[in-house]
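Below you'll find the structure, written out as structure tokens, and then a few comments.
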DNA sequence: TTTTTTGTACGTAGTTCTACGTATATATTC
DNA sequence: GAATATATACGTAGAACTACGTACAAAAAA
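Chains as they are written, first to last, in our numbering: chain A, 6 to 218; chain B, 6 to 218.
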């Protein structure tokens with residue numbers, strides 16, 4: 006039987022190495038290399054002759070996170086199946102990830118046997134979802150769809166600075182902008198994110214891992 | 006050479022299994038079993054005839070966290086060496102963990118070789134610390150001594166409310182206090198925690214897990 | 001018992017934040 | 001080429017936040 010290649014994308018090296026060991030121990034699976042973030046993965050894919058069948062992708066990473074990376078993979082390498090791997094069962098995150106094109110979503114507290122099953126299932130049927138994920142999806146249908154809040158580069162830069170004890174005036178200086186422009190950024194974000202004040206901005210940033218504490 | 010037993014305490018099963026695989030792959034190390042939290046570990050230790058030499062302990066766990074568990078281990082089973090394993094390099098956490106009696110502190114983004122070295126070193130010399138951790142310790146000494154910043158009940162209640170989009174006036178209402186009293190709480194905390202504004206308070210609360218996001 | 005700490009509260013002044021309307025040059029899209 | 005979006009910026013007014021000094025009763029500590 007053919008050996009299938011699985012690439013692991015995860016920022017904590019020890020974990021990625023450990024998971025790689027696990028995958029290597031499965032029959033007919035092999036981890037040719039490991040990546041620390043989405044950017045690294047894309048670079049590797051570009052420079053490789055052979056593509057992996059599966060990418061095991063952590064959702065929360067610096068530089069290029071799982072969601073964005075998965076979107077790119079889906080577009081550029083549709084033949085690769087992405088399986089999300091995450092600690093959080095946050096509904097919105099799962100939905101975003103699946104929307105981005107992930108073929109499966111595993112929580113980090115599953116048994117290794119589930120990981121093996123997931124890998125096989127994704128190869129055979131094209132997808133793998135635990136009952137849990139299925140339920141979450143169904144529940145979410147009753148809510149409203151997740152608002153597609155794509156933040157712009159400059160907004161992200163701004164929001165990061167908000168998550169410090171700087172005043173807007175100081176942020177303006179750091180970004181080489183007029184304080185009035187900063188007011189604009191703030192107002193736009195308040196509207197976009199349905200929040201009322203600076204604190205809301207900080208909470209949003211932390212919840213969405215825009216800043217690392 | 007004797008085989009050394011290492012127990013892994015980590016709430017995410019996949020990770021603990023993966024790390025177990027890693028440890029088993031090292032020469033002369035073996036993982037007899039895995040625990041999902043501190044409580045489980047203590048139960049297991051109580052019911053075992055042989056004790057492990059080393060416990061690899063995640064810091065953030067439900068039920069009984071790494072710090073508390075380590076304290077208990079130190080007291081009840083001083084012959085066992087605890088090595089902390091954590092994603093966060095938060096200074097205060099590291100110090101708490103070492104104070105609790107951990108013989109080493111590893112970040113989850115180290116290479117597996119470092120893990121192996123750490124295990125061996127702890128057996129041989131009784132401790133293992135990366136340069137990083139040593140530096141953090143030294144820095145913390147320069148700060149102030151035992152800044153036992155114990156927050157009072159009411160302050161914690163207040164700080165939690167700050168981590169929402171409420172104004173101080175609204176917080177005062179929720180706490181059945183005058184806004185002026187709230188001003189006092191705020192001023193006291195700013196001084197105590199060496200911060201300048203509301204944002205600082207939110208960041209402190211999140212870093213120190215006073216609020217859950 | 002005296003002293004200190006804690007929890008509560010007020011006043012004032014200055015700074016920072018927020019809302020909202022407007023404007024203009026440059027890019028992008030249709 | 002025209003319409004639209006983006007990044008930049010100004011003005012004004014009011015709300016919210018911050019600093020600092022003060023006060024007093026109850027509780028805790030010395």
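Backbone N, C-alpha and C fix where the C-beta goes; we use that ideal spot for every residue, glycine too.
Check whether residue i and residue j have beta carbons under 7 Å apart
i             : j             : result
residue 198/B : residue 209/B : yes
residue 88/B  : residue 71/B  : no
residue 9/B   : residue 31/B  : no
residue 90/B  : residue 63/B  : yes
residue 201/A : residue 158/B : no
residue 117/B : residue 84/A  : no
residue 29/B  : residue 69/B  : no
residue 123/A : residue 75/A  : no
residue 18/B  : residue 192/A : no
residue 212/A : residue 218/B : yes
C-alpha distance - residue i paired with residue j, whole-angstrom precision
i             : j             : result
residue 187/B : residue 25/A  : 52 Å
residue 6/A   : residue 58/A  : 14 Å
residue 73/B  : residue 194/B : 26 Å
residue 139/B : residue 103/B : 11 Å
residue 168/B : residue 131/A : 43 Å
residue 175/A : residue 15/A  : 35 Å
residue 120/B : residue 181/A : 44 Å
residue 80/B  : residue 39/B  : 21 Å
residue 46/B  : residue 11/A  : 33 Å
residue 206/A : residue 51/B  : 48 Å
residue 61/A  : residue 86/A  : 9 Å
residue 151/A : residue 172/A : Unreliable positioning characterises residue 151/A in this predicted model, as indicated by a pLDDT of 41, which lies under 50. The coordinate reading is nonetheless provided below. Whole-angstrom Cα-Cα distance: 31 Å.
residue 125/A : residue 135/A : 14 Å
residue 196/A : residue 128/A : 43 Å
residue 162/B : residue 20/B  : 35 Å
residue 36/A  : residue 36/B  : 23 Å
residue 77/A  : residue 160/B : 46 Å
residue 148/B : residue 53/A  : Below a pLDDT of 50, predicted positions are generally treated as unreliable, and residue 148/B, at 46, falls in that range; no measurement from the model is reported.
residue 101/B : residue 185/A : 44 Å
residue 13/A  : residue 82/A  : 16 Å
Per DSSP, cross-strand counterpart(s) of residue i
i             : result
residue 91/A  : 112/A
residue 35/B  : 10/B
residue 61/A  : 13/A and 88/A
residue 133/B : 109/B
residue 40/B  : 14/B
Same chain, Cβ closer than 7 Å to residue i, five either side skipped, listed in chain order
i             : result
residue 203/B : 167
residue 49/A  : 38 and 40
residue 107/B : 75, 87, 88 and 89
residue 44/B  : 68 and 69
Interface flag, residue i vs chain A, CB-CB below 7 Å
i             : result
residue 20/B  : yes
residue 151/B : Interpretation of residue 151/B is limited by its pLDDT of 40, a score under 50 that renders its predicted location unreliable; no figure is taken from the coordinates.
residue 207/B : yes
residue 9/B   : no
residue 113/B : yes
residue 69/B  : no
residue 35/B  : no
residue 23/B  : yes
residue 218/B : yes
residue 27/B  : yes
residue 77/B  : no
residue 202/B : yes
residue 170/B : yes
Minimum Cβ-Cβ distance from residue i to chain B less than 7 Å
i             : result
residue 116/A : yes
residue 213/A : no
residue 61/A  : no
residue 146/A : Only weak support exists for where residue 146/A lies, its pLDDT of 49 falling under 50; the value from the coordinates is given anyway. With 7 Å as the cut-off, residue 146/A does not count as an interface residue toward chain B.
residue 199/A : no
residue 134/A : no
residue 44/A  : no
residue 17/A  : yes
residue 196/A : no
residue 99/A  : no
Beta-carbon proximity list for residue i, same chain, < 8 Å, skipping 5 on both sides
i             : result
residue 183/A : 177
residue 164/A : 156, 194, 206, 209, 210, 215 and 216
residue 179/A : 166 and 171
Neighbourhood of residue i by C-beta distance below 6 Å, restricted to the same chain and skipping five residues each side
i             : result
residue 65/A  : 214
residue 92/A  : 113
residue 133/A : 109, 123, 126 and 127
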